[in-house]
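Colleague:
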Amino acid sequence: MPPRRSPDRDTRRPAPAGRRASGAAIALALCCASSAAVAADYAPAPWQLHRDANPFVAAGGLPFAPPTAPPGDRWKVEATLAASNTEIAFAHGDERLLYDMEIHEARIAVSRSIGERWIVRATVAGTRFGSGFLDSFIEDFHRTFGFTNGDRGRLGTDGHTIAYSDARGDRIALARPRNGIAPLMLDLAWRAPADGHEWLYAATLKLPASHATPLLDDRSTDLSLWTAVQSTAATRLRWGARAGLMLRSGGDLLPRRANDLVAFADATLGWRLTPRWDVAAQYQWHGAPYDSAIPLLREAGSLVLSTAWQSRAGWTVRAGLVEDVPPRHTQDVTFFVGLSI
Numbered sequence: 002m003p004p005r006r007s008p009d010r011d012t013r014r015p016a017p018a019g020r021r022a023s024g025a026a027i028a029l030a031l032c033c034a035s036s037a038a039v040a041a042d043y044a045p046a047p048w049q050l051h052r053d054a055n056p057f058v059a060a061g062g063l064p065f066a067p068p069t070a071p072p073g074d075r076w077k078v079e080a081t082l083a084a085s086n087t088e089i090a091f092a093h094g095d096e097r098l099l100y101d102m103e104i105h106e107a108r109i110a111v112s113r114s115i116g117e118r119w120i121v122r123a124t125v126a127g128t129r130f131g132s133g134f135l136d137s138f139i140e141d142f143h144r145t146f147g148f149t150n151g152d153r154g155r156l157g158t159d160g161h162t163i164a165y166s167d168a169r170g171d172r173i174a175l176a177r178p179r180n181g182i183a184p185l186m187l188d189l190a191w192r193a194p195a196d197g198h199e200w201l202y203a204a205t206l207k208l209p210a211s212h213a214t215p216l217l218d219d220r221s222t223d224l225s226l227w228t229a230v231q232s233t234a235a236t237r238l239r240w241g242a243r244a245g246l247m248l249r250s251g252g253d254l255l256p257r258r259a260n261d262l263v264a265f266a267d268a269t270l271g272w273r274l275t276p277r278w279d280v281a282a283q284y285q286w287h288g289a290p291y292d293s294a295i296p297l298l299r300e301a302g303s304l305v306l307s308t309a310w311q312s313r314a315g316w317t318v319r320a321g322l323v324e325d326v327p328p329r330h331t332q333d334v335t336f337f338v339g340l341s342i
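Here the sequence shown is numbered in the numbering used here, starting from 2 and rising by one per residue.
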């Protein structure tokens with residue numbers, strides 16, 4: 002007679018180690034596939050991590066384009082290298098401004114979705130004011146196509162000078178290369194999904210980060226309130242628009258002329274040429290940061306043109322340029338390249 006088995010003994014054989022590993026791998030693959038599907042279904046407007054690079058504006062809290070990231074506790078990291086070049090001079094009434102400078106910036110932005118409704122972002126950058134390398138390239142380009150060089154090559158400066166003066170006593174004198182950390186920008190947005198698009202209701206806080214020069218950080222703490230709407234459907238045409246108001250607390254940059262409230266608006270439009278390649282245009286406008294007759298200190302607009310390629314792994318490379326529209330109201334030209342994952 003065969004031995005009797007104890008009734009409380011588990012007679013089931015454990016699954017082989019290989020089978021357990023295969024099951025875990027299948028579960029992980031299904032999870033990743035589900036996550037990828039969610040990310041693929043979320044195709045936001047092609048906002049580009051850029052704002053007015055004019056240091057009289059960028060030293061304050063003018064927000065970058067709206068943050069984007071797929072909902073559901075997800076991260077997004079963007080890194081951008083940019084070079085802005087301007088050579089221009091103004092004289093209006095008692096105001097004088099000489100701006101001959103190239104500004105290089107290395108910026109990183111980290112965004113995170115919190116659940117289905119919230120998204121946060123922090124951006125910070127290392128910035129260098131100096132003579133740069135774009136002067137001769139831009140002048141040769143203008144001559145080749147018959148465009149005017151304006152003040153380029155006529156100011157008699159050494160390539161890294163920003164000087165401002167007026168009868169009110171405001172003075173700026175930057176006459177040598179300078180490095181520093183740009184202001185810390187923090188965004189908090191509440192998203193309201195709709196059919197094929199979403200609304201964002203948000204605030205952007207600017208915090209001082211450097212004492213290197215007021216042209217890098219004006220040492221004010223600014224708050225911006227804004228609302229945006231953007232497409233989220235995975236279609237060939239993608240779009241977005243935003244409007245808001247920046248509330249300034251005062252700072253060290255032209256304090257006698259600084260305006261307390263500055264309105265801003267921007268819009269973006271993108272077209273997917275192939276599943277992995279797109280082109281985009283973004284226009285940004287802001288009101289006058291200062292009570293001034295000099296165009297560079299008043300309302301301004303920037304047109305951003307770019308193209309991007311997305312890898313099968315999910316990261317995207319975007320490159321483009323920025324032009325001042327209308328001219329002489331912001332930086333002359335900016336070139337940039339960025340990576341987002």
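Every residue, glycine too, gets a C-beta built ideally from N, C-alpha and C. Everything numeric in this text was worked out from a predicted model, so none of it was measured.
Within a Cβ cutoff of 6 Å, which residues of the same chain sit near D318, ignoring the five residues on either side of it in sequence?
Modeller: Before going on, a small fix: residue 318 reads as Val here, not Asp. Closer than 6 Å at the Cβ level, and outside the excluded window around V318, lie W310, L340.
Colleague: Using the Cα positions of L254 and I173, report the straight-line distance between them to the nearest angstrom.
Modeller: 8 Å
Colleague: Starting from the C-beta of L297, find all residues in its chain whose C-beta is less than 8 Å away, skip the five residues before and the five after it, and write them out in chain order.
Modeller: Short of 8 Å from the beta carbon of L297, and not among the five residues preceding or following it, lie these beta carbons of its own chain, in chain order: N55, F57, I89, F91, L98, Y100, R329, H330, T331.
Colleague: Secondary structure at V326, three-state DSSP: helix, strand or coil?
Modeller: Look at V326 here: in three-state DSSP terms it is coil, with no helix or strand label.
Colleague: Here's the rule: buried if 16 or more other CB atoms are within 10 angstroms of the residue's CB, otherwise exposed. What is I342?
Modeller: exposed
Colleague: For G321, which of I115, Q49, R75 has the nearest alpha-carbon?
Modeller: Q49
Colleague: Flag this pair as yes or no: are the beta carbons of H105 and A294 separated by less than 8 Å?
Modeller: no
Colleague: Relative to the C-alpha of H161, which residue among A84, E103, A193 is closest?
Modeller: E103
Colleague: For the structure I just gave you, are there three or more beta carbon pairs, one from the region 269–278 and one from the region 180–193, closer than 8 Å?
Modeller: no
Colleague: Would W76 be called buried (16 or more neighbouring beta carbons within 10 Å of its own) or exposed?
Modeller: exposed
Colleague: Measure the C-alpha to C-alpha separation of I120 and S225 and round it to an integer number of angstroms.
Modeller: 16 Å
Colleague: Are the Cβ atoms of D53 and A46 separated by less than 8 Å?
Modeller: no
Colleague: Do A266 and D218 have their CB atoms nearer than 8 Å?
Modeller: No, these two residues do not count as a Cβ contact at 8 Å.
Colleague: Compare the beta carbon distance of T335 and A84 with 8 Å and say whether it is the shorter of the two.
Modeller: yes
Colleague: How should V323 be labelled, buried or exposed, when 16 other C-beta atoms within 10 angstroms of its C-beta is the threshold for buried?
Modeller: buried
Colleague: With a threshold of 6 Å on Cβ separation, who are the neighbours of W227 within its own chain once the five nearest residues in sequence on each side are excluded?
Modeller: A203, R243, G245
Colleague: Less than 8 Å between the beta carbons of A123 and L189, yes or no?
Modeller: In this structure, A123 lies away from L189, with their beta-carbon atoms at least 8 Å apart.
Colleague: Rank D333, Y284, P327, R129 by C-alpha distance to the C-alpha of A1 and give the top, closest one.
Modeller: Absent from the model: residue 1. The displayed extent of the chain is 2 to 342, so no value can be given.
Colleague: Is the CB-CB distance between A70 and S112 below 8 Å?
Modeller: yes
Colleague: Runs of 4 residues minimum, wholly inside the region 43–125: which ones carry the alpha helix (DSSP H) assignment?
Modeller: 56–59
Colleague: Could you check the C-alpha separation between E117 and T205 for me, to the nearest Å?
Modeller: Distance between the alpha carbons of E117 and T205: 20 Å.
Colleague: Tell me whether P194 sits in a helix, a strand or coil according to DSSP, three-state version.
Modeller: strand
Colleague: What separation, rounded to the nearest whole angstrom, lies between the Cα atoms of G24 and H198?
Modeller: In this predicted model, G24 has a pLDDT of only 48, less than 50, meaning its place in the structure is not dependable; the value taken from the coordinates is given anyway. Roughly 37 Å between the two C-alpha positions.
Colleague: Between the Cα of D325 and those of G302, G315, L306, spot the shortest distance and give me the residue it belongs to.
Modeller: Measuring from the Cα of D325, the nearest candidate turns out to be G302.
Colleague: Go to G271, then tell me how far its beta strand (DSSP E) extends in each direction, as first and last residue.
Modeller: Per DSSP, the unbroken beta strand (DSSP E) holding G271 starts and ends at 262–275.
Colleague: Let's test the definition: count the other Cβ atoms within 10 Å of the Cβ of F337 and tell me whether it reaches 16, buried, or not, exposed.
Modeller: The Cβ neighbour count for F337, taken over all protein chains shown within 10 Å, is at least 16; the residue is labelled buried.
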